[in-house]
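A.B. asks: Everything in the sequence shown is counted per the numbering used here, starting at 11 for the first residue and increasing by one.
Note that beta-carbon positions come from the ideal geometry of N, C-alpha and C, so glycine has one too.
Treat the numbers as computed from the prediction; the structure is a model and nothing was measured.
Have a look at the structure that comes next, please.
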Amino acid sequence: MFNAIIPAHNEEAYIGPTLEGLLEQDGGAPKALRVIVAANGCSDRTAEIAASYAPRFEARGWEFVLLDIPEGGKTGALNRADAAAAPGPRAYIDADVICSPTLLGELATILDTEVPRYASGRFTVAPPSSWASRHYARLWLRLPFMASGVPGCGLFAMNEAGRARWAAFPPIIADDLFSRLNFAPDERFRAEAPFSWVLAEGFSALVRVRRRWDEGNRQLFEQFPDLSRNEEKAPVRLRDHVRLLLGQPVSYGVYVAVALASRTGIYDRGSWARGR
């Protein structure tokens, strides 16, 4: 059984397209699939919208489980969903991610082994509507690690042997980085099929989200310093900066401005809002 786990907090605008993407998986998709939506702390129609998809998944012969969890918190939702998962591989999918039709099938093939493996798809960003976010995404996707690595932002998967490396998800911000770094670089694989992820819109939202990412990384390495041994992401070298600046000067400027602003108190609203 392949498990697709979707934690969702107030995602009424996004959960429908995410579930549609799973329903559109082609004939290569796992024949046995359990979709688990872990709606947590929602004050909108996320759970109601998700529940309306149950008959369509069941019509394909797939299982659909909705967990309506009163308290918010992504890692708590992941742990509740893990408890409801069937034996087999697990894909953890953010509620604003849209999978291309062949992605689950490719992930299932990659993870069909007894040795621990981690996998993700080819990361893309849904076309942003704001000027700043368009330029930020353009530069971000050209960074060496994003272009050729296995980032796992928004979607990551592993087989049973891989998931056995830890018990519950710890209460941290960077659950995706924590998961990826529990695997050595040669245990991580990227499917060719893409998925799209929603980037925060506007300069101020980008600054807040970038600050959250930086804080999540700092928190992770403070609490789990041994995981740094599996971080293969090379620093961006001077020649990389030159190439990026010459190739996309405006996008480079936006990216650097967001990175610098995230280290200040500007746009600090005292929360980790995504800014959508």
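Going by C-alpha to C-alpha distance, which of 119, 145, 163, 111 sits closest to residue 134?
C.D. replies: Among 119, 145, 163, 111, the Cα nearest to that of residue 134 belongs to 163.
A.B. asks: Residue 268 and residue 154 look like a contact to me (Cβ under 8 Å); what is the Cβ gap, rounded to whole Å?
C.D. replies: At roughly 19 Å, the Cβ-Cβ gap does not stay under 8 Å, so residue 268 and residue 154 are not in contact.
A.B. asks: Based on the DSSP output, what are the partners of residue 128 in its beta bridges?
C.D. replies: 168, 198
A.B. asks: Cα separation between residue 15 and residue 33?
C.D. replies: 14 Å
A.B. asks: Using a Cβ-Cβ cut-off of 6 Å (strictly less than) and excluding sequence neighbours within five positions of residue 275, which residues of its own chain qualify?
C.D. replies: none
A.B. asks: Take residue 282 and list the residues in its own chain whose beta-carbon comes closer than 6 Å to its own, dropping the five residues that flank it on each side.
C.D. replies: Caution applies to residue 282, whose pLDDT of 48 falls short of 50 and renders its modelled position unreliable; the model cannot decide the point.
A.B. asks: Rounded to the nearest angstrom, how far is the Cβ of residue 165 from that of residue 104, given a contact under 8 Å?
C.D. replies: 7 Å
A.B. asks: If distances are taken between C-alpha atoms only, which option among 118, 98, 240 comes closest to residue 161?
C.D. replies: 240
A.B. asks: Find out if the Cβ-Cβ distance for the pair residue 277, residue 217 is shorter than 8 Å.
C.D. replies: yes
A.B. asks: Under 8 Å, do residue 192 and residue 175 count as touching if we go by C-beta distance?
C.D. replies: yes
A.B. asks: Mind checking residue 208: buried by the 16 CB within 10 Å criterion, or exposed?
C.D. replies: buried
A.B. asks: Could you please give the first and the last residue of the uninterrupted beta strand (DSSP E) stretch that includes residue 12?
C.D. replies: 12 to 18
A.B. asks: Considering only C-alpha positions, which residue in the set 111, 52, 210, 99 is nearest to residue 142?
C.D. replies: 210
A.B. asks: Taking the C-alpha atoms as reference points, what is the distance between residue 205 and residue 28?
C.D. replies: 10 Å
A.B. asks: Which value, in whole angstroms, describes the spacing of the CA atoms of residue 20 and residue 53?
C.D. replies: 6 Å
A.B. asks: Apply the 10 Å Cβ neighbour rule to residue 56 and answer buried if 16 or more other Cβ atoms are within range, or exposed otherwise.
C.D. replies: Answer is buried; the Cβ neighbour count reaches 16.
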